[in-house]
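Line by line, the protein sequences are chains V and B.
First residue of the first sequence? That's -9 in this note's numbering, and the numbers climb one at a time after it.
First residue of the second sequence? That's 89 in this note's numbering, and the numbers climb one at a time after it.
C-beta: ideal position from N, C-alpha, C; glycine also.
Computed from a prediction, not measured in an experiment: that's the story for all the values here.
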Amino acid sequence: MADTHKQWLEKLEAESRAKQELFMNNIASKLRHPRMTEKPQHPFRGAPDFWKAFEWSEEERIKEFTDNFLSVGGHVARLQTMEDAKKFIADKAGEMGAKYIVRQNQPELADLGLEQQLPDSQVSVWNTDPGQYWRARAAEADFGIVIADHAVAYTGSVTVLSAENKGRSVSLLPTVLMIIIPLDRLKTRLGEVLSTFDEAGREHLPAGIHFISGPSRSSDIENDLTIGVHGPGIVYALLVG
Amino acid sequence: MSTAQKKEKTVKARADLALNDEFLRKAVRFTTERLRNGKKKATAEHGNWEEWRERGRQIRLHTIAHLDYYLNLFVNNARANGVHVHFANTAEEAVKLTLDIAEHANAKSVVKSKSMVSEELHLNHALETIGVEAVETDLGEYIIQLAGEMPSHIVIPAIHKNRYQIAELLSKEAGYTLPPDTTALAGFVRKKLREKFLDAEIGMTGCNFAIAETGSMVLFENEGNARMVSTVPKTQITLMGMERIIPSWSDLEVMATLLPRSATGQKLTMYMSGITGPRREKDADGPDEMHIIIIDNGRSLQLGDPEFQELLNCIRCGACLNACPVYRHIGGHAYGSTYSGPIGAVLTPSLNKNIAEWDDIANASSLCGACYEACPVKIPLHDMLVYLRRRKVESGHGNKLESIGMQGFATIMGNSSRLGGVLRLGKLGQKLVVRSGVIKTKLGPLKGWNTYRVTPSLPKESFREKWDTLDQELKAGLRQMDPSMKQRMEELVQKRERERKEGKGGHGHG
């Protein structure tokens, strides 16, 4: 290869920028207007107004989230404290014989002290050793443990955001996924969570924003529901608070 | 991609194949029923569906009407996020770009999540030619890739395969016999593809929506394979139709409300992922390098076309397929192209700007409007099918027999003695084919009609022959009304007049 990878990418970018103008000009001319450079009025942005006013009480949010999550084959536990969450996870790990556990590198999870609680399991903390191939660590894990950044009752969904200390693989590759949801993060509508990304703006968005609404599933073989096709087949939502 | 289905040239021929395949017909009917009922239930449960549809339509209309602004904004933001953005006017250009990226990544294998655009480009074949293995990772797509076929449904691509056929295919791949049991088969695929995800240098995805204001791309899926291909490999390539844009994350709420409910009756797919650029410097997963290829491939032909621009509003949910009585009978393969069902019947000729070649798929519809009713963004597909048929005829690609027939009809109907002569000839001629008052022959010009019905024979005396008598009777009747009847009617009119003046109201209309 004569050119370095960087030079090749630069060449592609130059081509792309030149083509961008032609591409946009073509669209504008087909639409029969001059190139639009000003932000147009968008009177129909987002959900209808009646929907934006809709909100459930905390009790309703818990009930609806639980019903939705159960209906797609997920599991839900309603817990009072993080201490309860610790006990729940340790019990399940013992029950299922989880040997490899990977968790996000967050203080709330460190406080659970799972390492001491589960001396027979190997608990890895995401991205704490730069020499590790972390994707493989997550792929071999029996349990992945994460904390939800947001949750939505109406669709029964949990949102996890990626960061240096929060791997996308931790909620994706392990066989069993444990999601801790602090109750104050449980909202009614999807829009309540989505609008926070508009408010944050481009520069502040993480690379990965993932909404998870239950275990991985497919109905591709004879419409027969299969759970755990690629992602975790067993998913626990632990509502804490 | 070469398929057996493609060999048959017309929808009719391909549909005959489908109609003969009892299993396929049952499977398609069962699946479309399941999805259709799922949608009905989900939309009823959610409530105010018409208002959501209208909102979805407005957002799509607005974005497409200002596409140069929003697409440009998306591109600039995606670049600022560190994405390498490319433009492809044609399928060939998109393929060339992909191969170039694959070569520079020294790729031996590419793992792909479901993408209709990729089907449009026939990309797998192109990758093979440079020695790169392309692996479909969506369970259904993986199955049909092993079978060497095309998807038959946008949402459930292997709708036409039963589990015995699937077990046979997967057993061949495994090298040992797998039982025809869904869990066992899916378990094998999970294990097999895990290795592929971790091995592949490139992950390739489609794009359900692209958010202009933040340069993010959004994927909806249930299996987790789209997350896999966008998390594990070093390089990510996303193929994106140029019309996939929505302005903001707030608008995504509307799309996320419409798409899963319309596609499968779900409140939300198991995964909805918003990806904003490659992995951040300190992240330990996500792609190092991310490419988005923005593809025209015939889409801009719809822009500014008052009859077809709304096609670009399509969010690829497949609800029109499930609602279509024709699709439910003949299945996706009969359409002979990437996109099937009502949307395919309009989209394929439009994208290919080749009305002649694809003309007959516009006829694979009964124009009943069920597709419009089902469409979550209210695309008037049934109207478009009519426009397409009209354009086909205008451009001289109409049915030759039909044109000759119409010309003949005009010649005969334009002259009464000619018509009389032809009818007399018909009456003579039909003696050869009439059996107990009807014509059942499947030979000659009546073949198409008589395949499923019978033609009534011509009556002994035609309407035109009866006309003179009818005419005289009518004229006489009007001229000389029976005097007693005339008197009765006059009295009735006078009575009604009196009642009206007295304010009683005549016919009960108050």
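- Listed along chain V are Phe201, each with a C-beta nearer than 7 Å to that of B/Met360.
- Under a criterion of Cβ atoms nearer than 7 Å, the residues of chain V adjacent to B/Val163 are, in order, Gln10.
- Of all residues in the region 200 to 222 of chain V, only His200, Phe201, Ile202, Ser203, Gly204, Pro205, Ser206, Arg207, Ser208, Ser209, Asp210, Ile211, Glu212, Asn213, Asp214, Leu215, Thr216, Ile217, Gly218, Val219, His220, Gly221, Pro222 place a beta-carbon less than 9 Å from a beta-carbon of chain B.
- If you check each beta-carbon in the region 282 to 297 of chain B against every beta-carbon of chain V, the ones closer than 9 Å belong to Arg282, Phe285, Leu286.
- Per the Cβ contact rule, the region 178 to 189 of chain B is not in contact with the region 296 to 315 of chain B (fewer than 3 Cβ pairs under 8 Å).
- For B/Ile381, the enclosing beta strand (DSSP E) starts and ends at 377 to 383.
- Chain B places no beta carbon closer than 8 Å to that of V/Ser47, leaving this residue out of the contacts.
- Taking V/Thr165 as the centre and dropping the five residues before and after it, the same chain places the C-beta of Ala131, Asp132, Phe133, Gly218, Pro222, Gly223, Ile224 closer than 8 Å to its C-beta, in chain order.
- Counting the other CB atoms within 10 Å of its CB gives B/Arg141 a total of 16 or more, which places it among the buried residues.
- For the C-beta of V/Phe34, the chain B residues within less than 8 Å are, from N- to C-terminus, Arg143, Gln146, Ile147, His150.
- Considering only beta carbons, the part of the region 309 to 343 of chain B lying closer than 7 Å to chain V consists of Asn310, Glu311, Gly312, Asn313, Arg315, Met316, Thr319, Val320, Pro335, Ser336, Trp337, Ser338, Asp339, Leu340, Glu341, Val342, in chain order.
- Using a Cβ distance threshold of 8 Å, V/Ser161 and B/Gly374 do not count as a contacting pair.
- C-alpha of V/Asn117 to C-alpha of V/Ile137: approximately 16 Å in a straight line.
- Between B/Gly353 and B/Gly126, the C-beta gap is smaller than 8 Å, which places the two residues in contact.
- By the rule that beta-carbons nearer than 8 Å mark a contact, V/Gly121 does not touch chain B.
- Annotation for B/Arg367: Asp373, Gly374, Pro375, Asp376 place their beta carbon closer than 7 Å to its own, counting only its chain and skipping 5 residues before and after.
- Closer than 8 Å to the CB of V/Arg22 there is at least one CB belonging to chain B.
- Among the residues of chain B, those whose CB is under 9 Å from the CB of V/Ala126 are Leu286, following chain order.
- In the DSSP secondary-structure assignment, V/Thr216 is bridged to V/Ser208.
- Per the DSSP secondary-structure output, B/Met292 pairs in a beta bridge with B/Lys200, B/Ile325.
- Cβ neighbours of V/Arg125 within its own chain (closer than 6 Å, five residues either side excluded): Ser159.
- Close to V/Ser114, with beta-carbon spacing below 7 Å, lies no residue of chain B; the smallest spacing is near 11 Å.
- Put simply, the CB of V/Thr145 is near chain B, with a gap under 8 Å to one of its CB atoms.
- At a cut-off of 8 Å between C-beta atoms, V/His65 does not count as an interface residue with respect to chain B.
- Between B/Lys370 and chain V, the shortest Cβ-Cβ separation is below 8 Å.
- A Cβ-Cβ contact shorter than 8 Å links V/Thr149 with V/Phe201.
- Between the beta-carbon of B/Ala314 and that of B/Ser201 there is about 4 Å, and that keeps the pair under the 8 Å contact cut.
- Counting only runs of 3 or more residues that sit fully inside the region 136 to 219 of chain V, the beta strand (DSSP E) segments are 140 to 142, 147 to 151, 166 to 172, 198 to 202, in chain order.
- Within 7 Å of the CB of V/Glu3, the CB atoms of chain B belong to His172, in sequence order along the chain.
- Residue environment analysis places B/Glu208 among the buried positions, since at least 16 neighbouring C-beta atoms fall within 10 angstroms of its C-beta.
- Taking a cut-off of 8 Å for Cβ pairs, the region 404 to 411 of chain B and the region 453 to 472 of chain B touch, as three or more such pairs fall below it.
- In the structure shown, the three-state DSSP call for B/Val173 is strand.
- In the three-state scheme derived from DSSP, where H, G and I count as helix and E and B as strand, B/Val116 is classed as helix.
- The beta carbon of B/Leu159 sits closer than 7 Å to the beta carbons of Met330, Ile333 from its chain, once the five residues preceding and following it are set aside; these are given in chain order.
- For B/Val223, the enclosing beta strand (DSSP E) starts and ends at 221 to 224.
- In terms of beta-carbon proximity, B/Ala168 lines the interface with chain V, with at least one pair separated by less than 8 Å.
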